[in-house]
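Below: one structure, written as structure tokens.
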Amino acid sequence: MADNLVIVESPAKAKTIEKYLGKRYKVVASMGHVRDLPRSQMGVDFENDFEPKYITIRGKGPLIQDLKKEAKKSKKIFLASDPDREGEAIAWHLAYVFKDMDKPLKRVVFNEITKDKVKESFKESREINQDLVDAQQARRILDRVVGYNISPVLWKKVKKGLSAGRVQSVALRLIIDRENEIRNFTPEEYWTLDGTFRYKKSTFKAKFLHYKDKPYKLKTKDDVDFIRQALSTDDYVVQNIVKKEKQRKPALPFTTSSLQQDAARSLNYKARKTMMVAQQLYEGIDLKKHGGIVGLISYMRTDSTRLSDVAVNEARNYINDEYGKQYVGNVRESKSSNAQDAHEAIRPTSILRTPEQVKSYLSKDQYKLYRLIWLRTVASLMSNAIFDTVRMDVVQDDVKFRANGQTLKFDGFLKIYEESTDDKEEEHRKLPIIEEGEMVKKQSLEEAQHFTQPPPRYTEARLVKEMEEQGIGRPSTYAPTLDTIQKRYYTKLDQKKFHPTELGEIVHESVAQYFPEIIDIGFTAEMEKQLDQIAEGNVKWQVVLKDFYEEFKQHVDKAELEMEKIEIKDEPAGEDCEKCGSEMVIKMGRYGKFMACSNFPDCRNTKPIVKTIGVKCPKCQKGEVVERKSKKNRLFYGCDQYPDCDFITWDKPIGRDCPKCSEYLVLKKKGKKSQVQCVNCDYKEEQD
Numbered sequence: 001m002a003d004n005l006v007i008v009e010s011p012a013k014a015k016t017i018e019k020y021l022g023k024r025y026k027v028v029a030s031m032g033h034v035r036d037l038p039r040s041q042m043g044v045d046f047e048n049d050f051e052p053k054y055i056t057i058r059g060k061g062p063l064i065q066d067l068k069k070e071a072k073k074s075k076k077i078f079l080a081s082d083p084d085r086e087g088e089a090i091a092w093h094l095a096y097v098f099k100d101m102d103k104p105l106k107r108v109v110f111n112e113i114t115k116d117k118v119k120e121s122f123k124e125s126r127e128i129n130q131d132l133v134d135a136q137q138a139r140r141i142l143d144r145v146v147g148y149n150i151s152p153v154l155w156k157k158v159k160k161g162l163s164a165g166r167v168q169s170v171a172l173r174l175i176i177d178r179e180n181e182i183r184n185f186t187p188e189e190y191w192t193l194d195g196t197f198r199y200k201k202s203t204f205k206a207k208f209l210h211y212k213d214k215p216y217k218l219k220t221k222d223d224v225d226f227i228r229q230a231l232s233t234d235d236y237v238v239q240n241i242v243k244k245e246k247q248r249k250p251a252l253p254f255t256t257s258s259l260q261q262d263a264a265r266s267l268n269y270k271a272r273k274t275m276m277v278a279q280q281l282y283e284g285i286d287l288k289k290h291g292g293i294v295g296l297i298s299y300m301r302t303d304s305t306r307l308s309d310v311a312v313n314e315a316r317n318y319i320n321d322e323y324g325k326q327y328v329g330n331v332r333e334s335k336s337s338n339a340q341d342a343h344e345a346i347r348p349t350s351i352l353r354t355p356e357q358v359k360s361y362l363s364k365d366q367y368k369l370y371r372l373i374w375l376r377t378v379a380s381l382m383s384n385a386i387f388d389t390v391r392m393d394v395v396q397d398d399v400k401f402r403a404n405g406q407t408l409k410f411d412g413f414l415k416i417y418e419e420s421t422d423d424k425e426e427e428h429r430k431l432p433i434i435e436e437g438e439m440v441k442k443q444s445l446e447e448a449q450h451f452t453q454p455p456p457r458y459t460e461a462r463l464v465k466e467m468e469e470q471g472i473g474r475p476s477t478y479a480p481t482l483d484t485i486q487k488r489y490y491t492k493l494d495q496k497k498f499h500p501t502e503l504g505e506i507v508h509e510s511v512a513q514y515f516p517e518i519i520d521i522g523f524t525a526e527m528e529k530q531l532d533q534i535a536e537g538n539v540k541w542q543v544v545l546k547d548f549y550e551e552f553k554q555h556v557d558k559a560e561l562e563m564e565k566i567e568i569k570d571e572p573a574g575e576d577c578e579k580c581g582s583e584m585v586i587k588m589g590r591y592g593k594f595m596a597c598s599n600f601p602d603c604r605n606t607k608p609i610v611k612t613i614g615v616k617c618p619k620c621q622k623g624e625v626v627e628r629k630s631k632k633n634r635l636f637y638g639c640d641q642y643p644d645c646d647f648i649t650w651d652k653p654i655g656r657d658c659p660k661c662s663e664y665l666v667l668k669k670k671g672k673k674s675q676v677q678c679v680n681c682d683y684k685e686e687q688d
């Protein structure tokens with residue numbers, strides 16, 4: 001019989017920790033929360049200071065009984081759920097389960113799951129932090145009050161099954177606002193004029209800049225022709241050479257937000273996948289003879305860029321030994337005004353466990369993410385990259401071109417890592433060594449017509465970045481928020497960019513009209529600050545909820561009375577029902593549009609709306625290949641004669657056969673490029 005019972009959240013975490021603690025400790029998992037607000041009712045007593053009504057989560061009864069049995073056998077109980085507000089609340093709910101037991105009960109937290117840190121944490125066990133619990137309670141009740149008040153209004157006035165949440169409504173607003181910017185955008189024509197110049201045996205490029213020492217905008221082809229006419233010869237003089245040394249600092253260590261952004265750009269991971277894989281790395285990987293089960297990274301829900309002294313010293317020693325003293329940089333830290341700074345940045349638990357050393361013990365996804373975190377952490381403590389930059393003007397009479405050059409003088413952190421970005425930087429070329437006053441020859445002038453572009457739609461990475469900058473949500477909420485607005489079909493991802501659906505726009509318009517504070521970015525950010533104030537013990541959670549609810553309830557009452565019922569009309573589908581002969585119509589459902597019989601409820605025939613791609617089915621040669629969506633909303637291709645023909649493929653058939661083996665060809669995407677290839681042999685065609 002173990003003297004001590006330790007309760008964590010997951011079995012994987014339990015297995016890792018029990019190995020470190022030995023026989024005197026029994027480690028079990030609560031599988032997350034054991035109590036929550038009831039799903040079938042509000043569960044909040046507004047007349048009694050917003051007292052929540054918690055109940056045992058359905059299905060958790062047997063687990064709680066097992067926990068109680070283990071607790072009776074033990075002398076002490078340690079609650080070791082995750083080291084954040086959610087984890088503190090889970091510990092608090094577990095403490096309630098054991099309230100009638102006369103057992104010492106302590107809270108233990110691990111920022112990293114390694115043998116030394118776990119043992120050290122038990123020496124620093126403490127009482128449950130009620131301020132952190134109250135902050136989580138306030139968020140949970142606040143979200144319940146918003147969702148369970150607005151959703152019924154939407155059911156009555158718009159459509160059954162709709163819902164609205166506090167943070168998700170603001171995220172949806174950002175996407176719709178951006179879509180409206182794109183719709184209202186009017187492209188403007190502009191031109192560029194680039195020159196290629198020769199100096200001795202070297203050539204370089206320069207862009208048109210000034211006419212008569214003033215910026216001259218090339219708005220039309222006539223403007224370009226005017227500049228061309230102002231140039232009389234091929235001879236130009238070099239002026240105003242400016243040489244500077246430029247330093248680029250390494251990126252700071254990962255926070256939850258920056259990890260999700262970088263993983264999206266460089267690994268093509270969705271935010272949800274990034275957090276799932278990071279959780280696995282945090283909870284423990286079996287390295288077998290190289291240390292057994294060990295947590296490879298620190299806690300992955302954080303908004304801090306701080307690194308512990310131990311981590312810094314280990315990394316700097318590694319850099320010095322591996323790359324040399326000149327590559328060891330200074331410690332940098334940038335604390336956001338929104339950051340709680342409760343934890344360190346996301347980092348490897350040991351820099352000495354390099355990605356290559358642990359690769360054989362990791363899945364492909366685990367290795368990629370661990371390598372990204374390891375490189376980012378090491379690079380953040382390396383020296384700056386140093387560039388020699390050169391700027392010079394190439395002039396003829398009143399016309400001035402400008403050339404920019406950049407050469408890497410010292411690679412610094414760029415030796416191992418460069419942060420990915422959504423924005424492409426202008427390419428810098430090496431310029432020839434030249435002196436002011438020297439002459440160069442024009443080799444060619446290239447003009448190009450352009451049109452201004454609207455702002456880009458949000459990718460997951462861009463949206464997470466925007467939410468963080470605006471103070472919307474916290475590290476633990478980014479991935480679930482993005483997940484929710486897609487699952488409810490308020491948005492969809494097309495080519496990795498968010499597009500609002502018709503349903504999303506209807507819901508947003510209704511919420512915006514009657515609940516303006518819910519979609520107000522400033523209001524939502526301020527609410528996050530108030531939750532932080534609760535966590536710090538500076539304000540009571542009941543006060544925050546009362547201030548919010550008094551005005552919010554007025555908006556709910558007004559919406560109930562004044563919001564007009566929105567009728568989402570069915571569209572004719574252009575075909576008849578094969579079961580009863582009535583006209584088929586297009587309806588708006590929770591998961592998008594679908595076809596249904598207009599004779600409902602007498603006839604309940606429904607069909608998905610499919611898009612043909614103009615290719616005959618390679619298998620049956622009778623049906624057409626159509627686009628379909630999997631349960632996870634992933635696009636695939638199948639025969640429209642299903643279930644008579646079961647042809648399916650993830651890659652798009654192109655309607656041609658392989659010249660080598662006569663099987664069908666598909667268009668397979670590889671990053672930003674596409675390639676035609678055979679499904680059976682090694683035949684391939686490169687695409688532009």
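Residues 1 to 688 (full-length UniProt numbering) make up the sequence shown, in order.
Every residue, glycine too, gets a C-beta built ideally from N, C-alpha and C.
Task: Residues sharing a beta bridge with Phe78, DSSP - done: Position 78 of the sequence shown, counting from 1, holds the residue named residue 78. Beta-bridge pairing links Phe78 to Val6, Lys106.
Task: Residue range of the alpha helix (DSSP H) that includes Asn317 - done: By one-based count along the sequence shown, residue 317 stands at place 317. Taken as a continuous stretch (DSSP letters only), the alpha helix (DSSP H) holding Asn317 covers 309-323.
- [ ] Would you mind reading off the limits of the beta strand (DSSP E) that contains Phe185?
- [x] Along the sequence shown, one-based indexing puts residue 185 at 185. Neither: Phe185 is in no beta strand (DSSP E) and is coded neither H nor E.
Open item on the list: Does the contact criterion of 3 or more C-beta pairs under 8 Å hold for the region 12-29 versus the region 289-308?
Closed with: yes
Open item on the list: Taking its Cβ as the centre, do 16 or more other Cβ atoms sit within 10 Å of residue 708, making it buried, or is it exposed?
Closed with: Since the first and last residues shown for the chain are 1 and 688, residue 708 lies out of range.
Open item on the list: In whole angstroms, give me the CA-to-CA distance for Ile586 and Lys652.
Closed with: To locate residue 586, count along the sequence shown from 1; it is residue 586. To locate residue 652, count along the sequence shown from 1; it is residue 652. Rounded to whole angstroms, Ile586 to Lys652 spans 26 Å at the Cα level.
Open item on the list: Closest to Glu9 by C-alpha separation, out of Arg58, Ala71, Glu86, would be which residue?
Closed with: Mapped onto the sequence shown, residue 9 falls at position 9. Minimum Cα distance to Glu9 is reached at Glu86.
Open item on the list: Based on DSSP bridge pairs, tell me the residues matched to Met101.
Closed with: Mapped onto the sequence shown, residue 101 falls at position 101. None; Met101 has no bridge partner.
TODO: Would you tell me roughly how many angstroms separate the C-alpha atoms of Gln340 and Ile386, rounded to the nearest one?
DONE: Taking the sequence shown and counting its residues from 1, the one referred to as residue 340 is at position 340. Taking the sequence shown and counting its residues from 1, the one referred to as residue 386 is at position 386. Any reading at Gln340 needs caution, since the residue's pLDDT is 48, under 50, leaving its predicted position unreliable; the model's value is listed next. Straight-line Cα distance between these residues: approximately 33 Å.
Task: Phe413 - partner residues in DSSP beta bridges - done: Residue 413 sits at position 413 when you count from the first residue of the sequence shown. None, per the DSSP bridge assignment.
Open item on the list: Among Thr305, Thr477, Leu142, whose alpha-carbon lies nearest the alpha-carbon of Ala251?
Closed with: Mapped onto the sequence shown, residue 251 falls at position 251. Selected option, being the one with the closest Cα: Thr305.
Task: Best match in Thr302, Phe451, Asp388 for proximity to Pro187 [C-alpha to C-alpha] - done: For this step, residue 187 is matched to residue 187 along the sequence shown. Considering only alpha carbons, the answer is Phe451.
Task: 7 Å CB neighbourhood of Arg656 in its chain, flanking five on each side removed - done: Here residue 656 refers to the residue found at position 656 when the sequence shown is read from its first residue. Cβ neighbours of Arg656 beyond the five flanking positions: Leu665.
Task: 8 Å contact criterion, which Leu482 and Ala345 should meet: CB distance rounded - done: Here residue 482 is taken as the residue at index 482 of the sequence shown, counted from 1. Here residue 345 is taken as the residue at index 345 of the sequence shown, counted from 1. Rounded, the Cβ-Cβ distance is 22 Å, inconsistent with contact.
Task: Cβ pair Leu531, Arg173 closer than 7 Å - done: Numbered from 1 along the sequence shown, position 531 holds the residue referred to as residue 531. Numbered from 1 along the sequence shown, position 173 holds the residue referred to as residue 173. No.
TODO: Ignore the nearest five residues each way along the sequence and tell me which others in Ser420's own chain have a CB closer than 6 Å to its CB.
DONE: Here residue 420 refers to the residue found at position 420 of the sequence shown. Cβ within range, chain order: Asp262, Arg265, Ser266.
- [ ] Please work out which residues of its chain come closer than 8 Å, Cβ to Cβ, to Glu536, disregarding the five sequence neighbours upstream and downstream, and give them in chain order.
- [x] Against the sequence shown, residue 536 aligns to sequence position 536. Answer for Glu536: Asp131, listed in chain order.
Open item on the list: At the level of alpha carbons, what is the spacing between Ala448 and Asp235?
Closed with: For this step, residue 448 is matched to residue 448 along the sequence shown. For this step, residue 235 is matched to residue 235 along the sequence shown. Each residue's alpha carbon lies about 23 Å from the other.
- [ ] Can you tell me which of the three DSSP states Asp483 falls into?
- [x] Counting from 1 along the sequence shown, the entry for residue 483 is found at position 483. Reduced to three states, the DSSP call for Asp483 is helix.
- [ ] With distances taken Cα to Cα, identify the nearest neighbour of Lys616 among Gly638, Asn605, Cys603.
- [x] The count along the sequence shown starts at 1 and reaches residue 616 at position 616. The option with the nearest alpha carbon to Lys616 is Gly638.
Task: Cβ contact (3+ pairs, closer than 8 Å) linking the region 52-68 and the region 27-41 - done: yes
Task: Complete beta strand (DSSP E) runs within the region 599-674 (minimum length 3 residues, chain order) - done: 606-608, 611-616, 624-629, 635-639, 652-657, 664-670
TODO: Would you be able to state if there are at least three C-beta pairs under 8 Å between the region 347-357 and the region 306-315?
DONE: yes
TODO: Could you spell out the range, first to last residue, of the alpha helix (DSSP H) harbouring Ala164?
DONE: Within the sequence shown, numbered from 1, the residue matching residue 164 stands at position 164. Careful: Ala164 lies outside any alpha helix (DSSP H) and carries neither H nor E.
Open item on the list: Less than 7 Å between C-beta atoms, sequence neighbours within five positions excluded: which residues of the same chain meet that for Lys442?
Closed with: In the sequence shown, residue 442 corresponds to position 442, counting from 1. These residues qualify, in order along the chain: Gly195, Phe197, Asp234, Tyr236.
Open item on the list: Taking 7 Å as the threshold (C-beta atoms), are Ala525 and Gly473 in contact?
Closed with: For this step, residue 473 is matched to residue 473 along the sequence shown. For this step, residue 525 is matched to residue 525 along the sequence shown. Their beta carbons are not under 7 Å apart, which means Gly473 does not touch Ala525 by this criterion.
- [ ] Just mark Val242 as buried or exposed, buried being the case when its beta carbon has 16 or more other beta carbons within 10 Å.
- [x] Looking up residue 242 in the sequence shown gives position 242. Under this definition Val242 is an exposed residue.
- [ ] Determine, using beta carbons only, whether Phe523 and His555 come nearer to each other than 7 Å.
- [x] On the sequence shown, position 523 is the one that residue 523 refers to. On the sequence shown, position 555 is the one that residue 555 refers to. Cβ atoms of Phe523 and His555: not closer than 7 Å.
Open item on the list: Please state whether the Cβ-Cβ distance between Phe594 and Thr612 is less than 7 Å.
Closed with: The residue labelled residue 594 in the question sits at position 594 within the sequence shown. The residue labelled residue 612 in the question sits at position 612 within the sequence shown. Contact: no.
- [ ] Pick out whichever of Thr491, Asp646, Cys603 has its Cα sitting closest to the Cα of Glu624.
- [x] Residue mapping note: residue 624 aligns to position 624 of the sequence shown, counting from 1. The residue with the shortest Cα to Cα distance from Glu624 is Asp646.
Open item on the list: Only counting the same chain, and skipping five residues up and downstream in sequence, which positions put a Cβ closer than 8 Å to that of Met588?
Closed with: Here the question's residue 588 lines up with position 588 in the sequence shown. The answer, listed in chain order, is Lys159, Glu502, Leu503, Ile568.
Task: Nearest-angstrom Cα separation, counted from Leu375 out to Gln357 - done: Against the sequence shown, residue 357 aligns to sequence position 357. Against the sequence shown, residue 375 aligns to sequence position 375. Each residue's alpha carbon lies about 14 Å from the other.
- [ ] Locate the alpha helix (DSSP H) running through Leu209, then write down its first and last residues.
- [x] If you number the sequence shown from 1, residue 209 lands on position 209. Run containing Leu209: none in the alpha helix (DSSP H); it sits in the beta strand (DSSP E), 202-211.
Open item on the list: Which residue marks the beginning of the beta strand (DSSP E) containing Lys555, and which one marks its end?
Closed with: Indexing the sequence shown from 1 puts residue 555 at position 555. The sequence as given places His at residue 555; Lys does not occur at that position. Per DSSP, His555 belongs to no beta strand (DSSP E); it is in the alpha helix (DSSP H), 541-562.
Task: N- and C-terminal bounds of the beta strand (DSSP E) containing Phe387 - done: In the sequence shown, counting from the first residue as 1, residue 387 sits at position 387. Run containing Phe387: 385-396, per the beta strand (DSSP E) assignment.
Task: Glu426 versus Gln675: straight-line alpha-carbon distance, rounded - done: In the sequence shown, counting from the first residue as 1, residue 426 sits at position 426. In the sequence shown, counting from the first residue as 1, residue 675 sits at position 675. Bear in mind that the predicted position of Glu426 carries a pLDDT of just 44, short of 50, making it too unreliable to give a figure here.
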